[in-house]
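Protein chains in written order, with this note's numbering: chain S, 256 to 923; chain W, 35 to 178. Note that the Cβ used here is the ideal one computed from N, Cα and C, for glycine as well. Just so you know, these numbers come straight off a predicted model, no measurement behind them.
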Amino acid sequence: MVETGKLSIFLAFAISIYVVCASVYGARTGKSDFVKSARNGVLAVCFLLIIATAALVHSLVNLDFSLKYVALNTSTDLPVIYRITSLWAGQAGSLLLWALILSIYSALVVLDTRTRSRLLMPYVVAVLAAISVFFTFLIGFVENPFEALPVAALEGRGLNPILQNAYMAIHPVTLYLGYVGVSVPFAFGMGALLSGQLGDEWIKYSRKWTLFAWTFLGVGLLLGARWAYLELGWGGYWAWDPVENAAFMPWLAATAFVHSVMIQEKKGMLKKWNMALIILTFFLAIFGTFITRSGIISSVHSFAQSDIGPLFLGFIAFILLFSFAMFLYRIRDLESENRFDSILSRESAFIFNNLLFLGAAFAVFLGTVFPIMSEALTGNKILVGSPYFNRVNVPIALVLIFLMGVGPLISWRKASRENLMKNFLVPVIVGAATAGVLIALGVRDVYALLSYAFCAFVTATVFTEFFRGVSVRSGRGENPALAFVRLVSRNKRRYGGYIVHIGVVLIVIGITSSSVFVTEKQATLTKGQSLELAGYTLTFQGIEQYTTDAKNATVAKLEGYKNGKPIGPVSPEKNVYKYEGNREINQETEVALRSTFTDDLYVILMSYGEDGAATIRVMVNPMVSWIWSGGVVLLIGAIVTMWPGGRKEREEVFVRYTLHDRDGTAKV
Amino acid sequence: MLKGKLKFIIAIAVIALAVSYLVYGGVKDTMVYYLTVKELKGKVPSVYGERVRVSGNVVPGSIKHGPDGSLEFSISDGGGDIDVAYSGIVPDIFKDDVEAVVEGEYGSNNVFAADVLLAKCPTKYEDTEALYNSGSEGKGVNTY
């Protein structure tokens, strides 16, 4: 198995090189046999990497401790499911996964475009294969997952217990699907630049794939946040750690792209901007992989220190130089077909949206690399932490939420007074009323007030849109439920997008509430004593201990009451894992979490004494569950948007020339 | 048309300036020096009362848990050591010998009052040596 895996990786590397050469040669000389053979090469690489991955999974499941990777990431007592997930627990396995996902995407692209886009595709295939050359080189020659130990180990090191969690099992893969997904729109952009086919085709494919990658990045970030919240035991879900930022930056750039691409589709504008944006997004995705994999920026996540850092930097430099050189070479062909008419228009709302997303990405980037930059420039290592990121990003986010309400309702080209009145009167009243009610209820935090008011404003605009669409249809005699389903299914992109916006609103409300109104308290309790916080009462019943196959657990038994009514036992734990390999953690904290629609009761057992007393920390985090449910809504919206079928692509192009409806009402 | 274009340029400039201002103000007000224990000692007394971040390895045997959940320990990096007082959530991997990162102020009583405590594992994760000397050396939180 091991030899098969090794050989597959080397072959995948060699064939990737062949694909680059054959595809470009075939396209330049018009020899379609070469192009065809390059396409088959892509499928072969995918097949080989599936074999390599299967071989590694086989070794992991069967605990082949003669392999370094297996010995470092598994142990005899590890359940089979976590033996499989340790495929992405270490460096070499993660890189193999990167290459595998890329090859699967490349194969899908090849199969999807079999007879289409003959001039563009050979170059797209070549770019994808070039990226594959880099990653198969890394796993073949630098970080080979099939590297053998000089002497087989008797026992493996095991997987860190805090990674033995369902969220940790899927969060990295989800993020990787997003990170790698960004390669595809980049390849289409570069293919367009290389082939000179700068029409609608590359934009159409890029939009589809960017949306796909964007969804996975977003969901991956949320899963990571949820894991941190459940497992790390500090009561928060986001810490602006470099590794979190690494995934957040490409997400920000991709968000800008999925918006601005609409302007190009519908109006033939912003062509240069979109091209630059997709290059930037890919750069940030590779940079993110680099940060997470090289450990260059100190993070609480400690990573393998290895030789791949310089290789990655070289690769990043090559991408930037090559793509911007190509960009400049073709810049004349990227002229706009239209111009901006008015600052009060949907086009300009999109421009501002883009500038703000990029501003946020820039601020996060600067904050993330600040320690390295300051050390290089001044010799002193200077750090900016969470306060910096919050201070900069919260105002930007607030303006973006406001624009999220404005964008969908303001008309194209130039908004008239009637358009503004007709579309915005009700939402503005709803937003202002929300702020008024909250002030009356005693909310004084300006950011929180703005955030809630804007969220209400956005929600009102989205509901207006749905209401109008449904009433136009039901006016024709359709039953409203059917009208709703048809409305959405006939205009998936538009209404799917609105559903995504509602998901974002829920997430924003959750983040605002839980960061502004969190309360916490810490106390050392002896048996029978109680602690009160935000309507909750916890009465300490004593310390108990129990043992399972894997761990010795110490539990603080608490009885919970909310406003006097019992809510059952609350039992935060400290666990000691039995297996030696897991001893890097003395005690693992297992929080007790009781999550409701209005707030989360989050209880941490800090320490316990010989005398039976326990120190517990209690947090009441308002509306955290809104973040997770917002994530589900966002995912549903994204799926609706991407769902195939419905309006034919030909019609979409047609729409581009007819969509000059000046008032921006629902098109049904 | 020129007027329309000018409006756009002004609007874009306003956004760029606003973001730059936020970044500038944010950096200026929140930046902290990241020092080693040795560097911190070198900056006495000017460093007293200034917010800094310091990293060093936890001195074995120095960890003392107070009855109320507070924590005292020392960190060292070969160039001396400092005492740290901390109260708050302690990361699971915090123990003797790990690399601790603390943020707070170094007081004139030579105790570092920390309100942030992060911990990292000292051993390099892919160090195969540890495989043969039982599994007592740990690895860090590797999430990818």
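If you draw a straight line from the Cα of S:Gly662 to the Cα of S:Ile754, it comes to about 14 Å. Taking C-beta atoms as the reference points, S:Val717 and S:His756 count as a pair closer than 8 Å. In the displayed model, S:Phe320 falls within coil according to three-state DSSP, outside both helix and strand.
In the DSSP secondary-structure assignment, W:Asn91 is bridged to W:Ser110 and W:Glu133. When CB distances to chain S are screened at a threshold of 7 Å, the residues of the region 93-110 of chain W falling below it are His99, Pro101, Asp102 and Gly103, in chain order. Under the criterion of beta carbons closer than 8 Å, S:Phe441 and S:Leu507 do not qualify as touching, at roughly 16 Å. Under the Cβ distance rule, W:Tyr82 does not count among the residues neighbouring chain S, no pair being separated by less than 8 Å.
When DSSP states are grouped into helix, strand and coil, W:Gly138 belongs to the strand group.
Nearest Cα to S:Glu787 within the set S:Thr781, S:Ala805, S:Tyr801 and S:Gly815: S:Gly815. DSSP, read as helix, strand or coil, puts S:Arg585 in coil. CA-to-CA, the gap between S:Phe392 and S:Phe401 works out to about 14 Å. Contact between S:Gly260 and S:Leu311 is confirmed by a C-beta separation of about 6 Å, below the 8 Å threshold. With a cutoff of 8 Å on beta-carbon distance, S:Thr851 and S:Ser826 are scored as not near each other.
Under DSSP, S:Arg338 takes part in no beta bridge, so it has no partner. Taking C-beta atoms as the reference points, S:Ala362 and S:Cys276 fail to come closer than 8 Å. In terms of Cβ geometry, S:Leu472 and S:Pro505 form a close pair [threshold 8 Å]. Exclusion of the five residues before and after S:Ile356 leaves Tyr431, Leu432 and Val435 as the residues of its chain whose Cβ lies within less than 7 Å of its Cβ.
S:Lys323 counts as buried, since no fewer than 16 other beta carbons sit within 10 angstroms of its beta carbon. Residues of the region 45-61 of chain W with a C-beta atom less than 9 Å from some C-beta of chain S are Ala45, Ile46, Ile49, Ala50, Ala52, Val53, Ser54, Leu56, Val57, Gly59, Gly60 and Val61, listed in chain order. Against chain S, the CB of W:Arg85 has no partner CB under 8 Å away; the residue lies outside that interface. Under the three-pair Cβ rule at 8 Å, the region 740-755 of chain S does not count as touching the region 704-715 of chain S. Residue contact with chain W for S:Glu843: present (Cβ-Cβ distance below 8 Å to some residue of chain W). When C-beta distances to chain S are compared with 7 Å, the residues of the region 113-129 of chain W below that value are Ile123, Asp126, Ile127 and Lys129, in chain order.
For the region 760-790 of chain S, residues whose beta-carbon sits nearer than 8 Å to a beta-carbon of chain W comprise Gln777 and Thr779. Taken through DSSP and simplified to helix, strand or coil, S:Leu638 comes out as strand. With the rule of 3 Cβ pairs closer than 8 Å, the region 444-452 of chain S does not count as touching the region 404-423 of chain S.
Residue S:Ser671 holds the alpha-carbon nearest to the alpha-carbon of S:Asp596 among S:Ile571, S:Ser671, S:Asp588 and S:Thr544. The Cβ atoms of W:Ala119 and W:Glu137 lie no closer than 8 Å to each other. Listed in chain order, the non-local C-beta contacts of S:Phe567 below 8 Å within the same chain comprise Ile541, Thr544, Phe545, Arg548 and Ser549, local neighbours out to five positions each way being set aside. Proximity to S:Arg294 across S:Gly752, S:Val380, S:Gln777 and S:Thr809 peaks at S:Val380, based on C-alpha coordinates.
According to the DSSP assignment, S:Asn399 belongs to no alpha helix (DSSP H), since it is labelled neither H nor E. W:Lys41 belongs to the set of residues whose beta carbon lies under 8 Å from a beta carbon in chain S. C-alpha of S:Ile764 to C-alpha of S:Thr689: approximately 13 Å in a straight line. Chain-order list of chain S residues neighbouring W:Val66: Ile637, Leu638, Val639 and Gly640, by C-beta distance under 9 Å. Annotation for S:Asn678: the continuous alpha helix (DSSP H) segment containing it runs Arg672 to Ala695. Taking the Cα positions, S:Val831 is about 6 Å away from S:Glu843.
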